[in-house]
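Offset between the sequence shown (1-based) and my numbering: plus 3. See below for the structure under consideration.
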Amino acid sequence: MSSKKDRKPGKNFDSRSIKLPRVGAHLSVKGGVSQAVVRCLDVGAECLQIFTQSPRIWDSRQLSGEEILQFRSYVKKYGIHPIVAHAVYLPNIAASDKSLRKKTIDALLKECDRAYRLGLDDLILHPGSHRGKGEKEGIRLAALALDEVLEQVPEGGTFITLETTAGHGDTLGGKMSHFNSILSHCKHPEKIGICLDTCHLYSAGYDITTEQGIEDMTGEIKAEFGIDKLRAVHVNDSKREIGSHIDRHAHIGRGYLGCHTFYLLMQRPKFLNLPFLLETPKEKSRLGVNMDKVNLRVLKYIRNKAMQEDVTDAQPGA
Ligand SMILES: [Zn+2]
Ligand SMILES: [Zn+2]
Numbered sequence: 004m005s006s007k008k009d010r011k012p013g014k015n016f017d018s019r020s021i022k023l024p025r026v027g028a029h030l031s032v033k034g035g036v037s038q039a040v041v042r043c044l045d046v047g048a049e050c051l052q053i054f055t056q057s058p059r060i061w062d063s064r065q066l067s068g069e070e071i072l073q074f075r076s077y078v079k080k081y082g083i084h085p086i087v088a089h090a091v092y093l094p095n096i097a098a099s100d101k102s103l104r105k106k107t108i109d110a111l112l113k114e115c116d117r118a119y120r121l122g123l124d125d126l127i128l129h130p131g132s133h134r135g136k137g138e139k140e141g142i143r144l145a146a147l148a149l150d151e152v153l154e155q156v157p158e159g160g161t162f163i164t165l166e167t168t169a170g171h172g173d174t175l176g177g178k179m180s181h182f183n184s185i186l187s188h189c190k191h192p193e194k195i196g197i198c199l200d201t202c203h204l205y206s207a208g209y210d211i212t213t214e215q216g217i218e219d220m221t222g223e224i225k226a227e228f229g230i231d232k233l234r235a236v237h238v239n240d241s242k243r244e245i246g247s248h249i250d251r252h253a254h255i256g257r258g259y260l261g262c263h264t265f266y267l268l269m270q271r272p273k274f275l276n277l278p279f280l281l282e283t284p285k286e287k288s289r290l291g292v293n294m295d296k297v298n299l300r301v302l303k304y305i306r307n308k309a310m311q312e313d314v315t316d317a318q319p320g321a
């Protein structure tokens with residue numbers, strides 16, 4: 004672990020306004036969306052990611068007024084925030100096929116509507132696959148689809164937050180430059196955020212296991228779209244080696260990234276206000292403990308270590 008003098012706070016870093024990165028997880032909505040909030044208490048999550056409908060089907064689910072009210076009251080009562088939705092897997096904003104584009108836009112409008120009614124902060128979305136049409140065309144189509152959706156969502160509504168990917172095959176999002184290109188083609192870049200996924204970054208070739216590697220990555224982010232665009236971190240260790248372009252999430256500290264990577268990330272002043280959300284396998288430990296609970300304990304331990312050197316009285320980000 005690095006010493007105090009190794010830390011390189013940003014120019015505007017102000018230790019008086021420091022907050023702790025909030026840690027949470029993607030949790031099931033089985034039994035109704037409000038049950039995901041209840042599950043936060045069980046595993047020790049401070050922030051939350053959910054699917055607002057089954058992720059592998061097109062048919063959209065209607066949320067009842069009662070379900071929404073209950074969700075909102077639990078969120079308030081238990082102080083869970085931010086809360087984000089992960090979009091279903093079928094939409095592809097970079098697709099050229101007309102019927103797929105129509106289905107994609109319809110599905111995203113419904114996703115945005117559900118997220119808005121639940122009061123969620125972000126809808127997290129993969130930037131899609133160009134399916135052989137080339138990056139440039141995929142990026143153009145992705146920006147068009149995003150604009151079509153964003154033009155129809157209410158002011159001050161949910162952000163659409165694009166996630167970094169492992170960059171497998173024709174998928175966009177394995178390079179920071181893709182996001183810059185999508186944002187610069189969009190008419191509404193102010194409504195779009197970026198989510199970093201630690202496993203995907205590593206699989207895509209970003210060596211975030213070292214201070215220098217993180218410095219290089221953040222330098223690239225600054226040059227391409229700016230740190231302020233970041234809205235969330237998916238905090239997953241990786242079962243596969245750097246540059247593999249294979250997306251296999253591992254429990255924290257049990258993959259190629261290791262605990263030190265998360266320590267380095269949590270130390271970055273620019274990342275302090277971001278939610279760190281687990282998307283690790285839903286399993287039990289050998290002792291029968293829910294692994295989300297175990298991973299969150301590990302993350303909180305790392306967070307304490309990362310904060311100890313500079314902060315004595317910090318509270319989880321208010
Ligand atoms: Zn992710
Ligand atoms: Zn993944």
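All C-beta atoms, glycine included, are put in the ideal place defined by N, C-alpha and C.
Skipping 5 residues on each side, what residues in its chain have a beta carbon closer than 6 Å to that of residue i?
i	result
Lys-33	none
Lys-113	Ser-63
Ile-185	Ile-142, Ala-145 and Ala-146
Arg-251	Lys-242 and Arg-243
Gly-35	Glu-70
Residues in the same chain with beta-carbon distance under 8 Å from residue i, minus the five sequence neighbours each way, listed in chain order, please.
i	result
Ala-321	Any reading at Ala-321 must be qualified, since the residue scores a pLDDT of 38, below 50, and its modelled position is unreliable; no value is offered.
Tyr-119	Val-156, Pro-157, Gly-160 and Thr-161
Thr-2	With the chain running from 4 to 321 in the structure shown, residue 2 is simply not present.
Asp-295	Ala-28, Leu-30, Val-46, Ala-48, Leu-281, Thr-283 and Lys-285
Gly-196	Asp-125, Phe-162, Ile-163, Thr-164, Leu-165, Lys-232, Leu-233, Arg-234 and Ala-235
Lys-303	Val-26 and Gly-47
Thr-221	Ile-230, Arg-271 and Lys-273
Arg-75	Leu-121 and Gly-122
Beta carbon of residue i, beta carbon of residue j: below 8 Å?
i	j	result
Gln-52	Leu-280	yes
Tyr-77	Val-40	yes
Glu-140	Phe-182	no
Ile-127	Cys-198	yes
Ala-169	Arg-134	no
Pro-278	His-254	no
Arg-104	Ala-145	no
His-129	Ile-249	no
Ser-288	Val-301	no
Ser-187	Ser-247	no
Glu-223	Leu-175	no
What residues in its chain sit with their C-beta under 7 Å from that of residue i, if we drop five residues either side in the sequence?
i	result
Ala-309	Tyr-266, Met-269 and Gln-270
Asn-15	For Asn-15, the pLDDT reaches just 39, beneath the cut-off of 50, and the residue's location in the model is therefore unreliable, leaving the point undetermined.
Pro-58	Val-91 and Tyr-92
Arg-306	Leu-23, Pro-24, Val-26 and Met-269
Trp-61	Leu-93, Lys-106 and Ala-110
Gly-256	Asp-240, Cys-262 and Val-301
Per the DSSP calculation, residue i is bridged to which residue(s)?
i	result
Gly-256	Per DSSP, none; premise fails for Gly-256.
Gly-141	Answer is none; Gly-141 lacks a bridge partner.
Asn-293	Lys-287
His-29	Gln-52
Ser-132	Thr-174
Asp-62	Note: Asp-62 sits in no beta bridge, so no partner.
Asp-125	Val-87 and Phe-162
Phe-279	Val-26 and Val-236
Judging by CA-CA distance, which residue of the options is the nearest neighbour of residue i?
i	options	result
Arg-243	Gly-222, Lys-225, Phe-274 and Gly-208	Gly-208
Arg-25	Leu-275, Val-292 and Lys-296	Leu-275
Glu-282	His-133, Ala-235, Lys-190 and His-171	Ala-235
Asp-109	Ala-90, Gly-196 and Ala-28	Ala-90
Gly-131	Asp-124, Leu-123, Glu-166 and Leu-121	Glu-166
Thr-164	His-191, Asn-298 and Gly-256	His-191
Met-179	Leu-149, Gly-137 and Gly-229	Gly-229
Asp-173	Ile-245, Lys-136 and Arg-257	Lys-136
Lys-273	Asn-298, Lys-225, His-84 and Arg-289	Lys-225
Gly-82	Thr-55, Leu-44 and Leu-111	Leu-44
Gln-56	Ala-88, Arg-42 and Lys-80	Ala-88
Ile-96	Leu-66, Cys-189 and Val-36	Cys-189
Cys-115	Val-152, Lys-79 and Lys-80	Val-152
Ser-37	Glu-154, Glu-214 and Gly-122	Gly-122
Lys-194	His-203, Leu-290 and Asp-150	Asp-150
His-203	Ile-71, Arg-42, Lys-80 and Gly-258	Gly-258
Gln-65	Gly-177, Arg-117 and Ile-86	Arg-117
Phe-54	Ile-86, Gly-68 and Ser-67	Ile-86
- alpha helix (DSSP H) segments (min. 4 residues) lying fully within the segment 64-116: Qualifying alpha helix (DSSP H) stretches, in chain order: 68-81.
- Unbroken stretches of the alpha helix (DSSP H), 4 residues or longer, contained in the segment 155-189: The segment 155-189 contains these whole alpha helix (DSSP H) runs: 179-188.
- Query: What are the start and end residues of each continuous alpha helix (DSSP H) run of 4 or more residues lying completely inside the segment 191-244, in chain order?
  - Reply: The segment 191-244 is shown to contain whole alpha helix (DSSP H) runs of 4 or more residues at 201-206 and 214-227, in chain order.
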